[in-house]
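*Asks:* Take this structure first; my questions come after.
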Amino acid sequence: MIFLGFADDVLNLRWRHKLLLPTMASLPLLMVYFTNFGNTTIVVPKPFRVLLGMHLDLGILYYVYMGMLAVFCTNAINILAGINGIEAGQSLVIAASIIVFNIVELNGDYQDDHIFSLYFMIPFFFTTLGLFYHNWYPSQVFVGDTFCYFAGMTFAVVGILGHFSKTMLLFFIPQVLNFLYSLPQLFHVIPCPRHRLPRLNPSTGKLEMSYSKFKTKSLSALGAYTLKVLGSAIAFSIRYQLVRLFYDV
């Protein structure tokens with residue numbers, strides 16, 4: 003995924019490549035899950051148990067879901083970007099949320115899985131914290147797609163192999179909302195300007211710098227961080243309170 007992110011930074015890959023290549027990159031992860039776990043049975047929410055029963059074996063559809071989760075996590079960090087510190091900052095909030103969740107669940111039935119997740123998340127948090135320090139405005143280091151893809155796949159790995167992929171998606175609530183908001187641009191329903199890229203001047207035949215107008219208050223990353231922290235708080239509320247309406251906990 004790091005190589006794919008570097009290739010995207012250098013070659014400016016198309017969106018079809020950004021969807022296809024992470025799917026291929028997730029295959030080793032799915033093979034590890036199949037070899038070590040192989041469990042594709044889910045607990046059915048209460049409202050649907052009359053029709054589907056207590057448990058439902060999704061079979062290959064479960065692997066399709068995990069593959070799509072890996073693709074989403076990889077691109078979600080990359081889409082919600084563009085301001086100094088926003089990529090590393092949102093990754094810090096997600097990583098901190100996962101660490102808190104893992105610690106809370108250490109006395110549960112999946113202790114080993116949460117310890118496995120902590121082995122990944124604690125080093126990731128502190129290395130990203132150093133990156134965030136240098137990426138904060140005025141940035142001395144730019145993360146590019148290389149970090150975004152690496153961070154997203156790291157979250158996908160711990161979510162899938164740690165058996166908390168649904169909870170992982172809850173920590174991505176702001177990214178999910180941003181993805182839904184961006185769908186018209188992603189599918190070319192409305193124009194999507196390629197920011198920060200030079201443009202060709204037809205009259206001179208030369209590349210020129212691109213310009214955009216922004217309001218000063220719109221460039222602050224504080225609002226995005228607040229939204230991310232609020233999203234994590236909502237995720238914990240859903241995970242430990244609202245879930246009682248759908249599952250026996």
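In case it helps, the working numbering puts the sequence shown at residues 3 to 251.
We treat Cβ as the ideally placed atom computed from N, Cα and C, and that holds for glycine.
Would the beta-carbon of G91 fall within 9 Å of that of K208?
*Replies:* No; because the gap between Cβ atoms is not below 9 Å, this pair is not in contact.
*Asks:* Assess contact between the region 183 to 193 and the region 105 to 122, defined as three or more Cβ pairs (one per stretch) separated by less than 8 Å. Is contact present?
*Replies:* With the cut-off at 8 Å, the region 183 to 193 and the region 105 to 122 do not touch.
*Asks:* Taking the continuous beta strand (DSSP E) assigned at T43, which residues delimit it?
*Replies:* That run of the beta strand (DSSP E) goes T43 to V45.
*Asks:* So, with DSSP's three-state summary, where would you put D115?
*Replies:* Note: D115 maps to helix in three-state DSSP.
*Asks:* Indicate the three-state DSSP secondary structure (helix, strand or coil) for L71 in the structure shown.
*Replies:* Correct three-state label for L71: helix.
*Asks:* Quick check for students: name the residue ranges of the alpha helix (DSSP H) that lie wholly in the region 82 to 106, counting only runs of 4 or more.
*Replies:* Taking only runs of at least 4 residues, the alpha helix (DSSP H) segments lying wholly in the region 82 to 106 are 88 to 106.
*Asks:* Report buried or exposed for E210, applying the criterion of at least 16 other Cβ atoms within 10 angstroms of its Cβ.
*Replies:* So E210 counts as exposed.
*Asks:* For M56, count neighbouring C-beta atoms within 10 Å of its own C-beta (all shown protein chains included) and say buried if the count is 16 or more, exposed if not.
*Replies:* That one is exposed.
*Asks:* In three-state terms, what does DSSP make of D59?
*Replies:* DSSP places D59 in strand when its eight states are reduced to three.
*Asks:* What is the rounded straight-line gap between the Cα of T169 and the Cα of P140?
*Replies:* Cα to Cα, the separation comes out at about 34 Å.
*Asks:* List the DSSP bridge partners of L202.
*Replies:* Per DSSP, L209.
*Asks:* Given this structure, state the Cα-to-Cα distance separating F50 from N137, to the nearest angstrom.
*Replies:* Their backbone Cα atoms lie some 47 Å apart in a straight line.
*Asks:* If you check the beta carbons only, do F36 and Y65 fall under 9 Å apart?
*Replies:* Closer than 9 Å, so yes.
*Asks:* For chain D, check one thing: does any of its Cβ atoms lie closer than 9 Å to the Cβ of K208?
*Replies:* Absent from the structure is chain D; it holds one protein chain and no more.
*Asks:* Check whether the Cβ atoms of S1 and F173 lie closer than 9 Å to each other.
*Replies:* Beyond the ends of the chain as shown, which are 3 and 251, falls residue 1; an answer cannot be given.
*Asks:* Spatial neighbours of R241 within its chain, please: C-beta separation below 7 Å, excluding the five flanking residues on both sides.
*Replies:* Closer than 7 Å at Cβ, skipping near neighbours: T169 and L172.
*Asks:* Do you know offhand how far D111's Cα is from L13's?
*Replies:* Between D111 and L13, the C-alpha separation is close to 45 Å.
*Asks:* Under the three-state reduction of DSSP, which class applies to D250: helix, strand or coil?
*Replies:* Note: D250 maps to coil in three-state DSSP.
*Asks:* Kindly indicate which three-state DSSP category G110 falls into: helix, strand or coil?
*Replies:* DSSP places G110 in coil when its eight states are reduced to three.
*Asks:* Assign Y135 to one of three DSSP states: helix, strand, or coil.
*Replies:* Y135: helix per DSSP, three-state reduction.
*Asks:* To which residues of the same chain is D147 closer than 6 Å at the C-beta, ignoring the five residues directly before and after it?
*Replies:* Answer for D147: G7, D10, D11 and N80, listed in chain order.
*Asks:* Mind reading off the beta-carbon distance from V95 to S234? Whole number of angstroms is fine, and I expect it under 8 Å.
*Replies:* Confirmed, about 6 Å.
*Asks:* Could you please give the first and the last residue of the uninterrupted alpha helix (DSSP H) stretch that includes M3?
*Replies:* Unbroken run through M3: none, as it is neither H nor E.
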